[in-house]
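Protein chains in written order, with the numbering used here: chain A, 270 to 767; chain B, 718 to 883; chain C, 7 to 326.
This is the structure:
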């Protein structure tokens, strides 16, 4: 009852609602700028929070995170540029829908799914923090290896009928992930002496290159294809559509919670896995990749769930499970707050304030989202020639923000060329992205496991989580391959009949 | 048409082989460390290089068998082959031309600074993409650049590259 | 948190605020109104918090406004370049930690740690060996004993870091051969200590505080030269019988050729700052050990640290 009192005080007695909406709006804007990830959006805000009361600062930062996860889907849908790493899976069907003139609908679905995901994550955070916090501890290097393999198993169903080309693309992605400092010995690999590459290549540079730059190259010289020519209107899903999206959103909620709890991911694995599972369990799997509403809903639910669920290990152990929660941890520490079990006792006002603020932001997301969307839709409806110039300028300005490094611009443009050639030669590039995102996790946890066991492979069989995840990957790959071959055979039969 | 697709696959297969080769060659620069494990810093890279080379060989062989080297697979006819999922495919020189504007920006920005180079980028890309050569394009380029500068430099406080002049 | 590079100029308001809180101390005049403190750390990261806390209290002793600028990326290389190309007039300094020495050694940086001039050292971070409370280890000796009879499992936060170096040196001093597993940072390492994957971890107090206060983590020893003030019961590694001592320094460096008038002001101000009761409260909570190394000695200290590190990296083959 006492905490309920605090909650009411916070809701009506202090301007917490104000900070939560400012944070949310800032998050949506920052997240929608390509290259400016959720963590950077938060870090940009951090200095402004120094003078605030702790609860205000923390609420503002947490709401920025919620906003940024949604904001990342806006450019993913409109200009094929994931605003954040975890919006990469949204590009697949979101941009298809935009090409079909359904950008407003796609944005509405993303918004609605974001709200569902945030709410679910928030309920988990409030009700289940204690029972769920053990999950973060249960993950050992062997489990991370298996989690990475599970992520890579998605490749089998993302090769667009050309398994060999897809696998080749995945290997190239894994190769890119080996650039930087070796995770075990600390020697440098493929850095050619450059300090810029010591920390590896940011996945978002690769994504922006192969998705956005290659698309601009592909579209160069076309007339009017860029503008969507639809009415400036955002469409929230209808009741029947909400009903249809339920299944994919459920998948997103579960996988998002899971990833939020486990350090290292940050949303992109959950987004890809949910996309894949939503496809598997969908009544219309054939629509995936061709503008499926569920294909937008699943990853967008997942990445917003992650944003709330990631607070569970942060608050209960002080362990940040992503870059964004690491910034939030910095915010807590700057205000003299120490996460951990004692935070709930000593600074209950901050914890409850955080719950209240996140809740407000989640609901306000609908309103703010609807208010901001017409502006975005108007922007992409400008004449194509100008739009192309603006998008390229936006991309090059945005990714400079990552490291203030000009060589990053070169990497993104180079990957644009690679993406263009891959498209011309019929190579799917989602496997490449997955390889880049997951390579480091798979390699480092594999080597860590073997180092711990002294080279005994049996260590993978001693970890029940690893066994479960590896079995799941095996089942996924088998199912995907069976479907792939069946589709290919059916296509051949059709050809023969025609 | 089929031969042409095979030709493209041949080029792809050879490119994959080339990547595998270049990557394998670069493995030689990785130092051996006593701090390393049994797998070692070069363990995964070696495997990746072999696997990719294998894929490259199969892809190349498959393309050859599909008739990439048959006389029918001459130079591509002028109309570009449409890719399966895209409405528009711009020819290679046109696409490379587009990329060149980005490269020019990267070269120019440390010299002339953020504001002028982003204005040049917006303006020149717009002209390349068929915007009319009139004052409107000029105004949009300069106005757009100012807006970018306002958002990134003033509001976000990100130091965009400053050149020798600005 | 690996990369982000944002420049923030916030401290102006902060230092104005703290100046009004200042005690009767009269600050020394300084030739610059605004002094920029550069760090490679992102906002909220270790060096960033160090500088921002310092910027709050410094104006009591040096009459200037202190602004923190985050120049991240390139693992510190860009921040060193920013410093090396700045005027050597006392208006720009850089927060030094061993990171910048590692980066200079491991890559071909445009400017290395030898191109900047160490100004004065403030602190030593306490590096500790820790284990889980409900685990089998009560002392460092238990850990070493286990490593002698079976495969020890030790953890360090990052590859090619001071913590890793400490673990390797301890291995050598104790003549045992455990696996030393490096991680993706302190949080990642702590999970594996808590869940029993690792026997011990080598880390810093600030990362461990939540679990220390929650009673989940037990400290076994510190690599500090003396026992830690906040944990007087915890022995040093040296006392435990293994001659390994580590000083993770935290100080400032400037561009080469700092005028003596400037270095003198800092040499005099820093001991006063560290004796400030308000500031002591802040840094003692983080188990930072005040360790003033004045300008004339600091250069030798950093050069020596650099050559010891270089020798270690060469010996272990990380550097060719």
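Just so it is clear, CB atoms sit at the ideal spot from N, CA and C, and this is done for glycine as well.
These numbers were taken from a predicted model, which means no experiment stands behind them.
With distances taken from CA atoms, which of the options is nearest residue i?
{"i": "residue 629 of chain A", "options": "A/355, A/331, A/545, A/312", "result": "A/331"}
{"i": "residue 138 of chain C", "options": "C/185, C/208, C/124, C/56", "result": "C/208"}
{"i": "residue 662 of chain A", "options": "A/721, A/704, A/482, A/464", "result": "A/482"}
{"i": "residue 593 of chain A", "options": "A/307, A/291, A/600, A/290", "result": "A/307"}
{"i": "residue 96 of chain C", "options": "C/112, C/72, C/245, C/148", "result": "C/72"}
{"i": "residue 300 of chain C", "options": "C/37, C/221, C/235, C/124", "result": "C/124"}
{"i": "residue 474 of chain A", "options": "A/572, A/547, A/668", "result": "A/668"}
{"i": "residue 861 of chain B", "options": "B/843, B/847, B/849, B/873", "result": "B/843"}
{"i": "residue 595 of chain A", "options": "A/612, A/349, A/580, A/605", "result": "A/580"}
{"i": "residue 624 of chain A", "options": "A/677, A/322, A/328, A/305", "result": "A/328"}
{"i": "residue 288 of chain A", "options": "A/447, A/706, A/323, A/449", "result": "A/323"}
{"i": "residue 132 of chain C", "options": "C/247, C/314, C/265, C/253", "result": "C/253"}
{"i": "residue 158 of chain C", "options": "C/221, C/81, C/126, C/176", "result": "C/176"}
{"i": "residue 281 of chain C", "options": "C/295, C/82, C/259", "result": "C/295"}
{"i": "residue 716 of chain A", "options": "A/391, A/413, A/309", "result": "A/413"}
{"i": "residue 328 of chain C", "options": "C/205, C/200, C/234, C/228", "result": "The requested residue 328 of chain C does not occur in the structure, where chain C is confined to residues 7 to 326."}
Compute the Euclidean distance between the alpha carbons of residue i and residue j, then round it to the nearest angstrom.
{"i": "residue 355 of chain A", "j": "residue 198 of chain C", "result": "26 Å"}
{"i": "residue 366 of chain A", "j": "residue 516 of chain A", "result": "20 Å"}
{"i": "residue 35 of chain C", "j": "residue 70 of chain C", "result": "8 Å"}
{"i": "residue 729 of chain A", "j": "residue 735 of chain A", "result": "6 Å"}
{"i": "residue 803 of chain B", "j": "residue 486 of chain A", "result": "Caution is warranted here: a pLDDT of 47 is assigned to residue 803 of chain B, below 50, making its placement in the model unreliable, and no coordinate value can be reported."}
{"i": "residue 679 of chain A", "j": "residue 753 of chain A", "result": "37 Å"}
{"i": "residue 872 of chain B", "j": "residue 608 of chain A", "result": "31 Å"}
{"i": "residue 163 of chain C", "j": "residue 184 of chain C", "result": "16 Å"}
{"i": "residue 405 of chain A", "j": "residue 151 of chain C", "result": "30 Å"}
{"i": "residue 76 of chain C", "j": "residue 54 of chain C", "result": "8 Å"}
{"i": "residue 809 of chain B", "j": "residue 348 of chain A", "result": "21 Å"}
Can you confirm whether residue i, when its beta carbon is compared against all beta carbons of chain B, has any partner nearer than 8 Å?
{"i": "residue 486 of chain A", "result": "yes"}
{"i": "residue 44 of chain C", "result": "no"}
{"i": "residue 324 of chain C", "result": "yes"}
{"i": "residue 661 of chain A", "result": "yes"}
{"i": "residue 675 of chain A", "result": "yes"}
{"i": "residue 458 of chain A", "result": "yes"}
In chain B, what lies closer than 8 Å to residue i by C-beta?
{"i": "residue 454 of chain A", "result": "750, 752, 753, 754, 757, 758"}
{"i": "residue 447 of chain A", "result": "761, 762, 765"}
{"i": "residue 174 of chain C", "result": "752"}
What residues of chain A sit near residue i, judged by a beta carbon separation below 7 Å?
{"i": "residue 187 of chain C", "result": "717, 720, 721"}
{"i": "residue 806 of chain B", "result": "487"}
{"i": "residue 201 of chain C", "result": "406, 407, 409"}
{"i": "residue 867 of chain B", "result": "None at all; the shortest Cβ gap to chain A is about 11 Å."}
Chain A beta carbons: is any one of them nearer than 8 Å to that of residue i?
{"i": "residue 135 of chain C", "result": "no"}
{"i": "residue 822 of chain B", "result": "yes"}
{"i": "residue 234 of chain C", "result": "no"}
{"i": "residue 290 of chain C", "result": "no"}
{"i": "residue 114 of chain C", "result": "yes"}
Residues of chain A with a CB under 8 Å from the CB of residue i: which are they?
{"i": "residue 769 of chain B", "result": "437, 440, 441, 444"}
{"i": "residue 843 of chain B", "result": "654, 655, 657, 658"}
Output, in chain order, the set of chain A residues within a Cβ distance shorter than 9 Å of residue i.
{"i": "residue 224 of chain C", "result": "Neighbours of residue 224 of chain C on chain A: none; closest Cβ ~16 Å, over 9 Å."}
{"i": "residue 861 of chain B", "result": "655, 658, 659, 662"}
List the residues of chain B that residue i touches, going by C-beta distances under 9 Å, in chain order.
{"i": "residue 34 of chain C", "result": "By Cβ distance, chain B contributes nothing, its closest Cβ being about 31 Å from residue 34 of chain C, past 9 Å."}
{"i": "residue 219 of chain C", "result": "Neighbours of residue 219 of chain C on chain B: none; closest Cβ ~33 Å, over 9 Å."}
Applying a beta-carbon distance threshold of less than 7 Å, which residues of chain B neighbour residue i?
{"i": "residue 712 of chain A", "result": "761"}
Mind pulling the chain C residues with CB within less than 9 Å of residue i?
{"i": "residue 586 of chain A", "result": "193, 196, 197, 200, 216, 217, 220, 222"}
Are any of the Cβ atoms in chain C nearer than 8 Å to that of residue i?
{"i": "residue 653 of chain A", "result": "no"}
{"i": "residue 768 of chain A", "result": "As shown, chain A starts at 270 and ends at 767. That puts residue 768 of chain A outside it, with no answer to give."}
{"i": "residue 415 of chain A", "result": "no"}
4 or more residues per run - each alpha helix (DSSP H) lying fully within the stretch 30 to 116 of chain C: 52 to 63, 83 to 90, 104 to 112
Those runs of the beta strand (DSSP E) which lie wholly inside the stretch 390 to 426 of chain A and span at least 3 residues: none
Complete runs of the beta strand (DSSP E) confined to the stretch 795 to 856 of chain B [at least 3 residues]: none
Inside the stretch 238 to 319 of chain C only - beta strand (DSSP E) runs reaching at least 3 residues: 254 to 261, 294 to 299
Positions along the stretch 54 to 77 of chain C whose CB lies within less than 8 Å of some CB in chain F: Any reference to chain F falls outside this structure, whose protein chains are A, B and C.
Ranges of the alpha helix (DSSP H) found wholly within the stretch 471 to 556 of chain A, counting only runs of at least 4: 472 to 476, 483 to 488, 508 to 530, 537 to 550
Length-filtered (3 minimum) beta strand (DSSP E) runs lying within the stretch 607 to 634 of chain A: Unbroken beta strand (DSSP E) runs of no fewer than 3 residues, entirely contained in the stretch 607 to 634 of chain A, are not found.
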